[in-house]
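*Asks:*
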Amino acid sequence: MLHDLINKPRVDIHSKTNISYWSSELKCSEEELLYCISKVGSSITAIESYLHMNKSLLQLWSSRDIAI
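Take 29 as the starting number for the sequence shown in the numbering used here and just add one per residue.
#1: Under the three-state reduction of DSSP, which class applies to serine 43: helix, strand or coil?
#2: Which residues in the same chain have their Cβ closer than 8 angstroms to the Cβ of asparagine 46, if we skip the five residues on either side of it in sequence?
#3: Helix, strand or coil: which one does DSSP assign to serine 71?
#4: In chain order, what residues of the same chain have a beta carbon less than 8 angstroms from the beta carbon of leucine 61, not counting five sequence neighbours either side?
#5: Report yes if the CB atom of cysteine 64 is closer than 8 angstroms to the CB atom of leucine 79, and no otherwise.
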């Protein structure tokens with residue numbers, strides 16, 4: 029089980045291509061993706077959960093440029 033957690037996909041924050049890919053896959057902006065990473069780390073599973081739980085807040089933030 030621990031092996032599965034370690035091998036889960038992660039966003040490579042040093043790769044613009046990787047950030048673009050995952051923001052497209054997760055249907056969020058690159059800024060939203062980077063914000064999520066700052067909160068929960070680079071695990072795709074953690075980011076998906078955070079996005080799901082906070083989508084309305086993130087949409088409000090993106091549309092109004094409000095700092096969270």
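Glycine residues also receive a C-beta, built at the ideal position from the N, C-alpha and C atoms.
Keep in mind that this is a model prediction, so the values were computed, not measured.
*Replies:* From the atom records:
#1: Taken through DSSP and simplified to helix, strand or coil, serine 43 comes out as coil.
#2: Same-chain partners within the cutoff: Val39 and Asp40.
#3: The three-state reading of DSSP puts serine 71 in strand, counting E and B together.
#4: Shown here for leucine 61: same chain residues with a beta carbon closer than 8 angstroms to its own, the five before and five after excluded, namely Val39, Ile47, Trp50, Ser51, Leu54 and Ile75 in chain order.
#5: Their beta carbons are under 8 angstroms apart, which means cysteine 64 touches leucine 79 by this criterion.
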